[in-house]
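Worksheet: one structure, shown below.
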Amino acid sequence: MADVPPVFADLGKAARDVFNKGFDYPKIKLSLKTKTESGVEFDTNGSHDLDKGRTSGCMKTKLKFPEQGVTFTESWSTGADLNTELTYEPSKVEGLQLSLEGSWSPNNGQRAVTFGTEYKRQYFSFDGNFTLQQVTGPALQGAAVFLYKGWYAGYQAGYEINSAKMTANNISLGYRGNGYTVHSSCTNLADCMASVHHKISDKTEVGLMTTYNVQSSNPGLAVGTKTVLDGGAVVKAKVNQTGQIGLGYSENLRDGVKLSLSSLIEARNISTGGHKLGVSIEFES
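Counting from 1, position 106 in the sequence shown corresponds to residue 105 in numbering that gives the first Met the number 0; the numbering is continuous, with no gaps.
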């Protein structure tokens, strides 16, 4: 289906991935993914924050019923947070997804239930949810994106019923062409950003991102690149206006084993320290 826009949260994702994916500092991360013969997927991951000295982890189980369009997902974290989600994609309504999600945190007794929907068609996408939360009460959030001849516009709104206040008031505008995307957005009419993503070839991507806060008037600028080497390894680099340089390298050591290394260098304070390192190992079978 041509000209189907992504949901609002995925607008500008290509540029964000250039700056975010593969930069794991200051954490050491371990991930294990496996799938049984019956089709049950297990995803277990853990991380240790070198700055805060905290260790956390999560185990996720996913069971799919393709013929019925049903997916059941359950996750449990080291913080004892339990999350269960059921999604349904009716075969007779192309582009529609319905979801029911429940969460429970035994440590503080918080409970929440969310009813969600997502719908994608040519030139248009919509996603929304209705959440019943124990503390804040019921809340609504919805977003729509329109796309025509490469140009897109999106709006997202959120509202808490008990407090009668807006929790989200976000807009986005952009254009996506052959191998490039120009994106702009404003969150709550205060935090604004603009980005350009260009896929030069199958092995090279570049990104440019600017940020601006209306209240602080403190602009930001960053440039990033991603390069896939001949052997399949990925090299990433980024630099921002404060002189922070991020470097990333990932490689498949063998089938099912991926190693990622990353670092943050404070170029303006090379001798005083403050640099960060990150390591990630992923196993998949």
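Glycine residues also receive a C-beta, built at the ideal position from the N, C-alpha and C atoms.
Return helix, strand or coil for residue i, following the three-state DSSP convention.
| i | result |
| --- | --- |
| D50 | coil |
| V17 | helix |
| F7 | helix |
| N217 | coil |
| A266 | helix |
| K91 | coil |
| K202 | coil |
| K164 | strand |
| K148 | coil |
| M0 | With a pLDDT of 49 at M0, under the threshold of 50, the modelled position of that residue is not reliable, and the figure given next carries that caveat. Coil at M0, not helix or strand. |
| Q243 | strand |
From the DSSP output, read off the bridge partner residues of residue i.
| i | result |
| --- | --- |
| S279 | K28 and S259 |
| F22 | Answer is none; F22 lacks a bridge partner. |
| T60 | F41 and E73 |
| G178 | DSSP lists no partner for G178. |
| G223 | G206 and K237 |
| H197 | Y179 and V205 |
| D126 | E117 and A142 |
| A111 | S102 and Q132 |
| S171 | G153 and S184 |
So is residue i buried or exposed if we call it buried at 16+ other beta carbons inside 10 Å?
| i | result |
| --- | --- |
| P4 | buried |
| R53 | exposed |
| G223 | buried |
| M0 | In this predicted model, M0 has a pLDDT of only 49, less than 50, meaning its place in the structure is not dependable enough to derive any value. |
| A138 | buried |
| A79 | exposed |
| Q67 | exposed |
| M208 | buried |
| K202 | exposed |
| T180 | buried |
| K225 | buried |
| Y147 | exposed |
| K26 | buried |
| S216 | exposed |
| A163 | exposed |
| S171 | buried |
| Q109 | exposed |
| V17 | buried |
| M192 | buried |
Indicate whether residue i and residue j have their beta-carbon atoms separated by less than 8 Å.
| i | j | result |
| --- | --- | --- |
| L188 | N212 | no |
| S194 | A8 | no |
| A111 | L97 | no |
| G38 | K63 | yes |
| G277 | D23 | yes |
| G11 | H182 | yes |
| G245 | A236 | yes |
| S76 | G56 | yes |
| E117 | V6 | yes |
| F114 | F125 | no |
| S279 | K61 | no |
| S284 | T72 | no |
| T70 | T86 | yes |
| Q325 | A142 | No information on residue 325 is available, as it lies outside the stretch 0 to 284 that the chain covers here. |
To the nearest whole angstrom, what separates the beta carbons of residue i and residue j, a pair I think is in contact under 8 Å?
| i | j | result |
| --- | --- | --- |
| R267 | G242 | 4 Å |
| G176 | G149 | 6 Å |
| L31 | F282 | 5 Å |
| Q140 | G157 | 4 Å |
| L263 | N239 | Contact doesn't hold; Cβ gap of about 10 Å is too wide. |
| N161 | G136 | 4 Å |
| S200 | G21 | Not a contact, Cβ separation roughly 19 Å. |
| Y151 | G127 | Not really, about 18 Å apart at Cβ, beyond 8 Å. |
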